[in-house]
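**Student:**
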DNA sequence: CTCCATATTTGACATATCGTCAAATATGGC
DNA sequence: GCCATATTTGACGATATGTCAAATATGGAG
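Residue numbers (this note's numbering), protein chains in the order written: chain A, 40 to 256; chain B, 40 to 256.
1. In angstroms, rounded to a whole number, what distance separates the CA positions of residue 180(B) and residue 161(B)?
2. Tell me the start and end of each unbroken alpha helix (DSSP H) in the region 49 to 82 of chain B that is at least 4 residues and wholly inside, in chain order.
3. Assuming residue 185(A) contacts residue 216(A) under a Cβ cut-off of 8 angstroms, what Cβ separation, rounded to an integer in Å, is found between them?
4. Would you mind telling me which residues of chain B sit closer than 9 angstroms to residue 211(A), beta carbon to beta carbon, in chain order?
5. Over what stretch of residues does the alpha helix (DSSP H) that includes residue 186(B) continue unbroken?
6. Have a look at residue 132(A) and residue 208(A) and give me their C-alpha separation to the nearest angstrom.
7. To the nearest angstrom, how far is the alpha carbon of residue 239(A) from that of residue 147(A)?
8. When Cβ atoms are compared, which residues of the region 93 to 113 of chain A fall closer than 7 angstroms to chain B?
9. Could you give the distance in angstroms between the alpha-carbon of residue 112(A) and the alpha-carbon of residue 89(A)?
10. Between residue 80(B) and chain A, is the shortest Cβ-Cβ distance under 8 angstroms, so that the two count as touching?
11. In its own chain, which residues sit with a C-beta less than 6 angstroms from the C-beta of residue 99(A), not counting the 5 before and 5 after it?
12. Chain B beta carbons: is any one of them nearer than 8 angstroms to that of residue 250(A)?
13. Kindly list, in the order they appear in chain A, the residues whose Cβ is closer than 7 angstroms to that of residue 218(B).
14. Once the 5 residues before and after residue 253(B) are set aside, which same chain residues still bring their CB inside 6 angstroms of it?
15. Do residue 214(B) and residue 242(A) come within 8 angstroms of each other at the CB atom, strictly closer than that value?
16. Roughly how far, in whole angstroms, is the beta-carbon of residue 68(B) from the beta-carbon of residue 103(B), given that I think they are within contact range, below 8 angstroms?
17. Taking just the CA atoms, how far does residue 177(B) sit from residue 92(A)?
18. Find the residues of chain B that neighbour residue 234(A), judging by a C-beta separation of less than 8 angstroms, and give them in chain order.
19. For a contact meaning CB atoms closer than 7 angstroms, what does residue 161(A) contact in chain B?
20. Report yes or no: is there a C-beta of chain B within less than 8 angstroms of the C-beta of residue 75(A)?
21. If you measure from the beta carbon of residue 148(A) to each beta carbon in chain B, is any gap under 8 angstroms?
22. On a CA-only basis, which of 236(A), 82(A), 66(A), 228(A) is nearest residue 172(B)? Give me that one, please.
23. Is there a C-beta anywhere in chain B that falls below 8 angstroms from the one on residue 224(A)?
24. With a threshold of 8 angstroms between beta carbons, is residue 126(A) in contact with chain B?
25. Our contact map puts residue 245(A) next to residue 206(B) with C-beta atoms below 8 angstroms; I'd like the distance itself, whole angstroms only.
26. Note down, in chain order, each residue of its chain lying with its Cβ closer than 7 angstroms to the Cβ of residue 194(A), except the 5 sequence neighbours on either side.
27. Do residue 128(A) and residue 144(A) count as a contact pair if the criterion is CB distance below 8 angstroms?
28. Checking contacts by CB at 8 angstroms: is residue 239(A) closer than that to chain B?
29. Does chain B have any CB closer than 8 angstroms to the CB of residue 138(A)?
30. Counting only the same chain and skipping the five closest in sequence on each side, list residues whose C-beta sits under 6 angstroms from that of residue 115(B).
31. Going by beta-carbon coordinates alone, are residue 224(B) and residue 250(B) separated by less than 8 angstroms?
32. State the start and end residues of the unbroken alpha helix (DSSP H) segment that holds residue 222(A).
33. Out of 57(B), 74(B), 54(B), which has the shortest C-alpha to C-alpha gap to residue 155(B)?
34. Show which residues of chain B have a CB atom less than 8 angstroms away from the CB atom of residue 229(A).
35. Classify residue 87(A): buried if its beta carbon has 16 or more other beta carbons within 10 angstroms, exposed otherwise.
36. Looking at C-alpha atoms only, which residue of 221(A), 79(A), 153(A), 61(A) is the closest neighbour of residue 122(A)?
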C-alpha cells in the first residue's frame, strides 16, 4: 500500500529528492492550488495564478509539478489521509440500534469529509472514472477498505437469509458507497427541498443499515 | 419547463438568432467538442483544437460560444433529451416480479445513457455540484421527474407500513438516483472484480426494488 | 567566519492560446 | 445579376505555456 505521498517519492520533476526549503515551497504551491479550487473551477486556474498567489514564478511551479492537474493528484492523496478515521467507525457490531447509530456516524463522517475536500474529491472521481491510473489508485486506497467491510457484512446477512443470494456483495457495497459519495457531494442542494442535513444523515443511515443487515428496524 | 435548446434561444453571442448555415456550423462545433471529450479531458481541449477539427477559425467558435465550458452546457442539454424514454420505464406497477423487472430496465437504461454520454454527464454533475446554475437546471430537469416518481412510490410503501416513517422520501429517492448515476459512471471498473454488467444491473435493481417497496422478494 | 558545493529559484525566451475587432465573403430573395 | 444581411475570418495585442541556462540562497567543512 505504497502511498504517493511517502517521503521518498516527493521529488522534483527531475527526480531529485527535495530538501527542507523545497518541501516548503512545494507545500505552499499545493496550498495555494487548494485555495484557488475553493473559489473557482480547475478550468479557470492557471499556473501563473498559483505562482502569483505564492509570490513565486511559473518556472518554480514547473520545477515541482508537470501541470495543475498533477497538483490535484497530490491534493487527493492528502485528502485520503483522513480515511482511516472513517474505518474506525465501521468496525464493530451492526446488530440493532447500535448498527443504526454506526451507520449515522459513517454518513456524518463522509459528509464532513466531502464538505472539507469537495473540489478535490470531485476531481479525483472525475479523473478515476476517465481511467486515469493515478486517481483510480487513490480512490481505491481510500474507498476499498470501506467497501470491503460493507461487502463482508452483506455476505453475512445473506448467509443468515436476510438478503437475497442474487445480490452481488461487492456491487451492493459499491452502491452504498455511491450513496455516501453522491449525497455528500450535493447534500446542500437537497436542503433547498426543505430537507436538513440531519434528514440526509438519518435517511442515508437507514438505507445503509437496511442494506447491510437486511433487517427492517 | 423551458429548455435551453428551444429554438428561439439558440443565438450567437450577440443575441442574434441563427440562420440555417450558422446552425449547421454551431452543430459541427458541438459535435467536434463531443468527439474530443471522448478522447481527452476538458482541460486538454482548447478552442483552437475544436476550430481546427471543424476546419474553421477560433473567431468562428467565439461567435457562437463564450468558451468551451459553454459548449458542454449545450451538450448536457442535448444528452438530457433521452430522459423521457427512461421515464416511460418508471410508470406502472411496482408489485412483485413486475416491479423487479421494471427496476432492471431502469438500471439498464441508465447505464446505457451514461455509457453514451459519460464525459458530458460527468461534467454536468461537476458543474452542478459546484453551484453552476446552468448545470443545476439541466440536472434537475433530467433527474427531477425520476426522483419525483421514486419519492412517491416510497411514500406509498411507507403508508403501507413497509418502510420506516423516519425515511425522508425525497432524500431516499435521491439516494437511489445516486446509485444509478455513480454505478453507471464506473461500472466498467467494477468488472475488474469479476462482476459482469449483468451483475451490476441485477444487484442495483434489487436494491432499488427493495427501497421502493420495502419488500424482500 | 569564509568559502564552496549544491540546492533552489528565476529571467528570458520561443511558442501557443485567448478573445476581439473591423473587414471580407457567402447567401438567398428580389 | 444585384444587394442587404448573414456568416466567416485575418490580424492583432494580451496573456499563458513550458524550457533553459544562469543567478542566488543555504548550510556544512575547514
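Just so you know, even glycine gets a beta-carbon here, dropped at the ideal spot from N, CA and C.
**Tutor:** The short version:
1. The residue given as residue 180(B) occupies position 141 in the second chain. The residue given as residue 161(B) occupies position 122 in the second chain. About 16 angstroms.
2. Fully enclosed alpha helix (DSSP H) runs of 4 or longer: 59 to 78.
3. Stepping through the first chain from its first residue, residue 185(A) is reached at position 146. Stepping through the first chain from its first residue, residue 216(A) is reached at position 177. Contact holds; Cβ gap of about 6 angstroms.
4. Walking along the first chain from the start, residue 211(A) turns up at place 172. Near residue 211(A) (Cβ distances below 9 angstroms), the residues of chain B are 242, 243, 245, 246.
5. Taking the second chain and counting its residues from 1, one reaches residue 186(B) at position 147. That run of the alpha helix (DSSP H) goes 172 to 198.
6. In the first chain, residue 132(A) corresponds to position 93, counting from 1. In the first chain, residue 208(A) corresponds to position 169, counting from 1. Each residue's Cα considered, the two are about 18 angstroms apart.
7. By 1-based counting over the first chain, the position of residue 239(A) is 200. By 1-based counting over the first chain, the position of residue 147(A) is 108. Straight-line Cα distance between these residues: approximately 9 angstroms.
8. For the region 93 to 113 of chain A, which is checked against every Cβ of chain B, the residues closer than 7 angstroms are 108.
9. Sequence index remark: in the first chain, residue 112(A) carries index 73 (1-based). Sequence index remark: in the first chain, residue 89(A) carries index 50 (1-based). So the alpha carbons of these two residues sit roughly 16 angstroms apart.
10. Walking along the second chain from the start, residue 80(B) turns up at place 41. Yes, residue 80(B) counts as interfacial toward chain A.
11. For the purposes of this step, residue 99(A) is taken as the residue at position 60 of the first chain. The answer is none, since no qualifying residue turns up.
12. Taking the first chain and counting its residues from 1, the one referred to as residue 250(A) is at position 211. Output row for residue 250(A): interface = yes.
13. For the purposes of this step, residue 218(B) is identified with residue 179 of the second chain, where counting begins at 1. 214, 217, 218, listed in chain order.
14. By one-based count along the second chain, residue 253(B) stands at place 214. If you ignore the 5 residues before and after residue 253(B), its C-beta comes within less than 6 angstroms of the C-beta of 196, 201, 202, all in its own chain and listed in chain order.
15. For the purposes of this step, residue 242(A) is taken as the residue at position 203 of the first chain. For the purposes of this step, residue 214(B) is taken as the residue at position 175 of the second chain. In this structure, residue 214(B) lies closer than 8 angstroms to residue 242(A) by Cβ.
16. In the second chain, counting from the first residue as 1, residue 68(B) sits at position 29. In the second chain, counting from the first residue as 1, residue 103(B) sits at position 64. Indeed they touch by this definition, with Cβ atoms about 6 angstroms apart.
17. The residue given as residue 92(A) occupies position 53 in the first chain. The residue given as residue 177(B) occupies position 138 in the second chain. CA-CA distance, residue 92(A) to residue 177(B), rounds to 34 angstroms.
18. Taking the first chain and counting its residues from 1, one reaches residue 234(A) at position 195. The CB of residue 234(A) comes closer than 8 angstroms to the CB of 207, 209, 210 in chain B, given here in chain order.
19. For the purposes of this step, residue 161(A) is taken as residue 122 along the first chain, with counting starting at 1. In chain order: 165, 168.
20. Position 36 of the first chain, counting from 1, holds the residue named residue 75(A). No - not a single Cβ of chain B is within 8 angstroms of the one on residue 75(A).
21. For the purposes of this step, residue 148(A) is taken as residue 109 along the first chain, with counting starting at 1. Judged by the 8 angstroms Cβ criterion, residue 148(A) is not in contact with chain B.
22. Position 133 of the second chain, counted from the start, is the residue given in the question as residue 172(B). It is 228(A).
23. Position 185 of the first chain holds residue 224(A). With 8 angstroms as the cut-off, residue 224(A) counts as an interface residue toward chain B.
24. In the first chain, residue 126(A) corresponds to position 87, counting from 1. Not one chain B Cβ lies under 8 angstroms of residue 126(A).
25. As a working mapping, residue 245(A) is identified with position 206 in the first chain. As a working mapping, residue 206(B) is identified with position 167 in the second chain. Contact flag correct, Cβ pair sits at about 6 angstroms.
26. Taking the first residue of the first chain as position 1, residue 194(A) is located at position 155. Around residue 194(A): 208.
27. Position 105 of the first chain, counted from the start, is the residue given in the question as residue 144(A). Position 89 of the first chain, counted from the start, is the residue given in the question as residue 128(A). Residue 144(A) is a Cβ neighbour of residue 128(A), given a cutoff of 8 angstroms.
28. The count along the first chain starts at 1 and reaches residue 239(A) at position 200. Taking Cβ atoms only, chain B reaches closer than 8 angstroms to residue 239(A), which makes this a yes.
29. Position 99 of the first chain, counted from the start, is the residue given in the question as residue 138(A). Not a single C-beta of chain B is nearer than 8 angstroms to the C-beta of residue 138(A).
30. The count along the second chain starts at 1 and reaches residue 115(B) at position 76. Sequence-distant partners of residue 115(B) (beyond 5 residues in either direction) whose C-beta falls short of 6 angstroms from its own C-beta, in its chain, are 159, 163, 177.
31. In the second chain, counting from the first residue as 1, residue 224(B) sits at position 185. In the second chain, counting from the first residue as 1, residue 250(B) sits at position 211. Cβ distance not < 8 angstroms, so residue 224(B) and residue 250(B) don't count as in contact.
32. Translated into positions along the first chain, residue 222(A) becomes position 183. That run of the alpha helix (DSSP H) goes 208 to 229.
33. Position 116 of the second chain, counting from 1, holds the residue named residue 155(B). The shortest Cα separation from residue 155(B) among 57(B), 74(B), 54(B) belongs to 74(B).
34. Residue numbering aside, residue 229(A) sits at position 190 when the first chain is read from its first letter. Result: 209, 210, 213.
35. On the first chain, position 48 is the one that residue 87(A) refers to. Taking all protein chains in view, the Cβ of residue 87(A) is surrounded by fewer than 16 other Cβ atoms within 10 Å, so the residue is classified as exposed.
36. Residue 122(A) sits at position 83 when you count from the first residue of the first chain. If we check each option's Cα against that of residue 122(A), 153(A) comes out closest.
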